[in-house]
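Structure first, commentary second.
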Amino acid sequence: MNALQERILKEGKVLGNGILKVDSFVNHQVDPNLMDECGREFARLFAHVGATKILTAEISGIAPALTTGIHLGLPVVYARKSKPITMPDQVYLTLAPSHTKGRMVELIVSPEYLANNEKVLIIDDFLASGQTILGLARLAEASGSKIVGIGALIEKNFEGGRDALASLGVPIESIACIKSLDDGKITFVD
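Printed below as a string of structure tokens:
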């Protein structure tokens with residue numbers, strides 16, 4: 001069992017409706033040592049894909065994307081959920097449903113930081129239905145870039161996200177893969 005799985009078992013809370021709260025080490029308070037270990041693992045898993053840039057979603061994807069970027073020596077771009085005044089008028093924008101927010105959210109990237117012909121590695125905190133990652137893929141494709149891999153800290157494989165992403169035809173890796181959250185119990189895929 002890896003360190004992330006151990007931490008999920010120790011501190012993760014099943015809130016029902018497929019929601020796993022990992023706020024004490026990933027989503028609100030971040031454990032930098034754990035994120036560094038996860039970034040090192042993603043760097044190992046994706047060393048062969050030839051990525052030139054890492055893309056994630058604000059805000060929970062930033063920590064694992066950043067540590068992955070450190071270990072791969074790559075810049076990290078994160079899709080904003082609202083457009084700041086410093087961003088140009090012309091942007092890449094898509095909508096994606098948020099399970100935890102219970103609504104659609106915007107994902108916005110400036111063309112200044114996601115250019116044509118990038119080889120993009122997507123790193124995010126969760127892979128559940130796959131809709132946020134598909135949104136990130138749409139942003140990359142709109143820029144003329146190519147997706148070369150997808151990494152998620154935590155995959156909830158019972159939500160079908162991996163199947164939703166299969167058409168992208170890239171390697172998909174997760175550090176902790178959860179089979180079930182039934183009856184408040186966290187069960188990992190073997």
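Just so we're aligned: 182 in our numbering is position 182 of the sequence shown, and the numbers increase by one with no gaps anywhere. All residues carry an ideal CB built from backbone N, CA and C; glycine is no exception.
Counting along the chain, where does the beta strand (DSSP E) carrying residue i start and finish?
i, result
"Met87", "Here Met87 belongs to no beta strand (DSSP E), and DSSP marks it neither H nor E."
"Ala79", "76 to 79"
Looking at the structure shown, is residue i part of a helix, part of a strand, or coil, going by DSSP?
i, result
"Asp125", "strand"
"Glu159", "helix"
"Leu114", "coil"
"Ser167", "helix"
"Ile108", "strand"
"Lys191", "Lying before the first or after the last residue shown, residue 191 is absent from the chain, which here runs from 1 to 190."
"Thr59", "The identity of residue 59 in the sequence shown is Ile, whereas the question assumes Thr. Reduced to three states, the DSSP call for Ile59 is coil."
"Ala96", "strand"
"Leu20", "strand"
"Ile8", "helix"
"Gly102", "coil"
"Gly184", "helix"
"Val120", "strand"
"Val26", "helix"
"Val191", "Nothing can be reported for residue 191: it is not among the residues displayed for the chain, which extend from 1 to 190."
Since residue i sits in a beta bridge, which residues does DSSP pair it with?
i, result
"Ala176", "Ile154"
"Gly149", "Leu121"
For the putative contact between residue i and residue j, defined by C-beta atoms under 8 Å, what is the C-beta separation to the nearest angstrom?
i, j, result
"Gly135", "Leu165", "Actually they are not in contact, since the Cβ atoms of Gly135 and Leu165 sit about 11 Å apart, beyond 8 Å."
"Leu153", "Asp190", "Their Cβ separation, rounded to whole angstroms, is 19 Å, which puts Leu153 and Asp190 out of contact at 8 Å."
"Leu34", "Leu4", "7 Å"
"Pro97", "Met104", "6 Å"
Which first and last residues belong to the alpha helix (DSSP H) in which residue i is found?
i, result
"Ile199", "The structure shown does not extend to residue 199, since the chain is modelled only from 1 through 190, so no value can be given for it."
"Ile133", "131 to 142"
"Phe42", "32 to 46"
Below 6 Å CB to CB, which residues in the same chain sit around residue i once its five sequence neighbours on both sides are set aside?
i, result
"Val76", "Ile54, Ala65, Leu66, Gly69"
"Phe46", "Leu121, Gly149"
"Glu155", "Leu127, Ser174, Cys177"
"Arg40", "His71"
"Thr187", "Lys179, Ser180"
Might you give, ordered along the chain, the residues of its own chain that have their beta carbon closer than 8 Å to the beta carbon of residue i, omitting 5 neighbours on each side?
i, result
"Glu11", "Val22, Ser24, Phe25"
"Ser60", "Val26, Asn27, Asp124, Asp125, Phe126"
"Leu114", "Lys53, Leu55, Val77, Tyr92, Val120, Leu139, Ala140, Ser143, Ser145"
"Gly18", "His99, Ala128, Lys156, Phe158, Glu159, Leu181"
Kindly list the residues whose CB is nearer than 7 Å to the CB of residue i, restricted to its own chain and excluding five residues on each side of it in sequence; keep chain order.
i, result
"Val148", "Val49, Gly50, Ala51, Lys119, Val120, Leu121, Val170"
"Arg138", "Thr94"
"Gly144", "Asn116, Asn117"
"Arg80", "Glu58, Ile108"
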